[in-house]
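Trainee: Let me begin by handing over the structure; questions about it come next.
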Amino acid sequence: MPEGHTLHRLARDLGAAFGGQQVTSTSPQGRFALGAALVDGRVLHGAEAYGKHLFVSFDGVAQVVHVHLGLYGSFIFGDGEAPAPAGALRWRLATRAKYADLRGATACDVLDPPEADRLRSRLGPDPLRTDAEPERAWSRIRGSRAPLATLLMDQSVLAGVGNVYRAEVLFRHRVDPFMQGRFLKRAQWYAMWADLVALMAEGFVTGQIDTVQPEHEPEAMDRPPREDAHGGEVYVYRRSAQPCFVCGTLVRTREHAGRNLFWCPRCQRRSRRQTPQNG
DNA sequence: GCTGTATGCAGAT
DNA sequence: TCTGCCTACAGCG
1001 MPEGHTLHRL
1011 ARDLGAAFGG
1021 QQVTSTSPQG
1031 RFALGAALVD
1041 GRVLHGAEAY
1051 GKHLFVSFDG
1061 VAQVVHVHLG
1071 LYGSFIFGDG
1081 EAPAPAGALR
1091 WRLATRAKYA
1101 DLRGATACDV
1111 LDPPEADRLR
1121 SRLGPDPLRT
1131 DAEPERAWSR
1141 IRGSRAPLAT
1151 LLMDQSVLAG
1161 VGNVYRAEVL
1171 FRHRVDPFMQ
1181 GRFLKRAQWY
1191 AMWADLVALM
1201 AEGFVTGQID
1211 TVQPEHEPEA
1221 MDRPPREDAH
1231 GGEVYVYRRS
1241 AQPCFVCGTL
1251 VRTREHAGRN
1261 LFWCPRCQRR
1271 SRRQTPQNG
């Protein structure tokens, strides 16, 4: 479930499991053989997330290992001796006591410091980082004719927000996903930012995306158990054609820039003042 | 066993 | 706007 909170959890877990320890680093699948060998036998110095990107550093090596999970990637942690590698195992970090297996990642490569800087500099502010500057995102949004649904998923505007948090934060602020960025008010943006900071911090702690306020929780009896990968209760994400928890209108979905977008057409109706002159 | 789907993104067109 | 890519799993026949 790789939105930003997942990567920050991963960074924390990698640091806790291997920080300050000498690790073996291998790529049984072979696709990351050179990179894995570069840090094999080194002491893992630390792991840090920027948006959906993970950077792992090692003592005595200037380069960092960069991981992006993409849609399918996962890091699985285990205790004890690692089992014999099976399937497409991109990267394995291990000590005698623990191991971590990376599969399916879009990116797992070695970056030298300038490359890592370049990557980080093209990312917008990350709500889970204390060094984030939400004004940078605002400066991109305020003049933009692109719809908010596009802007919130653009990692150069805002880093770490994915399809679930996008849908949920727009709903929680009753904002029409198709409204152009230039019609969003500054106060609205800062309220959404503060909300993302809080929601994603909670996601970081719990490992779930849970966005529904207690007063909107549906009756437990009426609710099928949720098996979705995001794990928590959400207002609109993947709830198409189900009644909105707030107004009962059926949640809508539409493909937008190659991704599924979900919203409540009543709660997130465009106000007259937000409507562009040309329609 | 096959098909569809998924919390993502880069590169080509 | 499109295609490709990486993996796992549910649902289906």
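All residue numbers for the first sequence refer to this note's numbering, where the first residue is 1001 and numbers rise by one. Where is the CB? At the ideal position from N, CA and C, for every residue including glycine.
Around the C-beta of Thr-1206, are 16 or more other C-beta atoms found within 10 angstroms, so that it is buried, or is it exposed?
Mentor: Exposed, because fewer than 16 other Cβ atoms sit within 10 Å of the Cβ of Thr-1206.
Trainee: Do you know how far the Cα of Ala-1049 is from the Cα of Leu-1014?
Mentor: Going by the C-alpha atoms only, they are around 11 Å apart.
Trainee: For the alpha helix (DSSP H) that Phe-1018 lies in, which residues bound it at each end?
Mentor: Note, Phe-1018: alpha helix (DSSP H), 1004-1018.
Trainee: Hey, out of Tyr-1099, Gly-1104 and Thr-1211, whose CA is closest to Gln-1022's CA?
Mentor: When only C-alpha atoms are compared, the closest one is Tyr-1099.
Trainee: Would you mind giving the Cβ-Cβ distance between Leu-1123 and Phe-1204, rounded to the nearest angstrom? I have them listed as a contact below 8 Å.
Mentor: That belief does not hold up - the Cβ atoms of Leu-1123 and Phe-1204 are roughly 18 Å apart, past 8 Å.
Trainee: For my contact list, Pro-1265 and Arg-1252 are in at a C-beta cut-off of 8 Å; report their separation, rounded to the angstrom.
Mentor: Right, the Cβ-Cβ distance comes to about 5 Å (below 8 Å), so this counts as a contact.
Trainee: Using a Cβ-Cβ cut-off of 7 Å (strictly less than) and excluding sequence neighbours within five positions of Ile-1036, which residues of its own chain qualify?
Mentor: In the sequence under discussion, the amino acid at residue 1036 is Ala, which differs from the Ile named in the question. Only Ser-1025, Thr-1026, Ser-1027 and Trp-1091 meet the Cβ criterion.
Trainee: Verify whether the separation of the beta carbon atoms of Phe-1171 and Val-1236 is less than 7 Å.
Mentor: Closer than 7 Å, so yes.
Trainee: Can you tell me whether Lys-1052 is buried or exposed, with buried defined as 16 or more other CB within 10 angstroms of its CB?
Mentor: Per the 10 Å Cβ criterion, buried.
Trainee: Does the region 1106-1116 come within contact of the region 1062-1082, defined as at least 3 CB pairs closer than 8 Å?
Mentor: The region 1106-1116 vs the region 1062-1082: in contact.
Trainee: Identify which residue in Gly-1041, Arg-1096, Asp-1126 and Leu-1261 has its Cα closest to the Cα of Ala-1198.
Mentor: Nearest option by C-alpha distance: Asp-1126.
Trainee: With a threshold of 7 Å on Cβ separation, who are the neighbours of Val-1039 within its own chain once the five nearest residues in sequence on each side are excluded?
Mentor: Same-chain partners within the cutoff: Ser-1025, Phe-1058, Val-1061 and Val-1065.
Trainee: For the region 1144-1162 against the region 1171-1184, do three or more pairs of beta-carbon atoms, one drawn from each stretch, fall closer than 8 Å, so that the two count as touching?
Mentor: Flag = yes, the region 1144-1162 and the region 1171-1184 touch.
Trainee: Would you report the Cα separation of His-1173 and Phe-1032, rounded to the nearest angstrom?
Mentor: The alpha-carbon atoms of His-1173 and Phe-1032 are separated by roughly 43 Å.
Trainee: Can you give the Cα-Cα distance for Asp-1079 and Ala-1017, rounded to whole angstroms?
Mentor: Cα to Cα, the separation comes out at about 10 Å.
Trainee: In or out: Gln-1213 buried (at least 16 other Cβ within 10 Å) or exposed?
Mentor: Under this definition Gln-1213 is an exposed residue.
Trainee: So which of Ala-1187, Arg-1166 and Phe-1262 has the shortest CA-CA distance to Arg-1142?
Mentor: Closest option to Arg-1142, Cα to Cα, is Ala-1187.
Trainee: Taking C-beta to C-beta, are Val-1164 and Ala-1137 nearer than 7 Å?
Mentor: Not closer than 7 Å, so no.
Trainee: Within 10 Å of its beta-carbon, does Gly-1286 have 16 or more other beta-carbons around it, so buried, or fewer, so exposed?
Mentor: Residue 1286 falls outside the range modelled here, since the chain spans only 1001 to 1279, and no answer is possible.
Trainee: If you compare alpha carbons, which of Val-1056, Gly-1070, Cys-1108 and Leu-1044 is closest to Leu-1034?
Mentor: Nearest C-alpha to Leu-1034: Cys-1108.
Trainee: Can you check which of these residues, Tyr-1072, Arg-1140, Thr-1095 and Gly-1073, is closest to Pro-1083 by C-alpha distance?
Mentor: Ranking the options by Cα distance to Pro-1083, first place goes to Thr-1095.
Trainee: Considering only the alpha carbon of each residue, which of Asp-1101, Ala-1086, Leu-1071 and Leu-1054 lies closest to Phe-1077?
Mentor: That would be Asp-1101, whose Cα lies nearest to the Cα of Phe-1077.
Trainee: Gly-1019 to Gly-1046, Cα distance in whole Å?
Mentor: If I take the Cα positions, the gap works out to 6 Å.
Trainee: Secondary structure at Ser-1156, three-state DSSP: helix, strand or coil?
Mentor: Reduced to three states, the DSSP call for Ser-1156 is coil.
Trainee: Buried or exposed for His-1005, please, with buried defined as at least 16 other CB atoms from any protein chain shown within 10 angstroms of its CB.
Mentor: With 16 or more other Cβ atoms within 10 Å, it is buried.
Trainee: Hey, out of Leu-1089, Ala-1086 and Asp-1176, whose CA is closest to Arg-1269's CA?
Mentor: Out of Leu-1089, Ala-1086 and Asp-1176, Asp-1176 has the C-alpha closest to the C-alpha of Arg-1269.
Trainee: Does DSSP put Glu-1255 in a helix, in a strand, or in coil?
Mentor: Strand at Glu-1255.
Trainee: Tell me whether Leu-1148 sits in a helix, a strand or coil according to DSSP, three-state version.
Mentor: Residue state, collapsed to three classes: helix.
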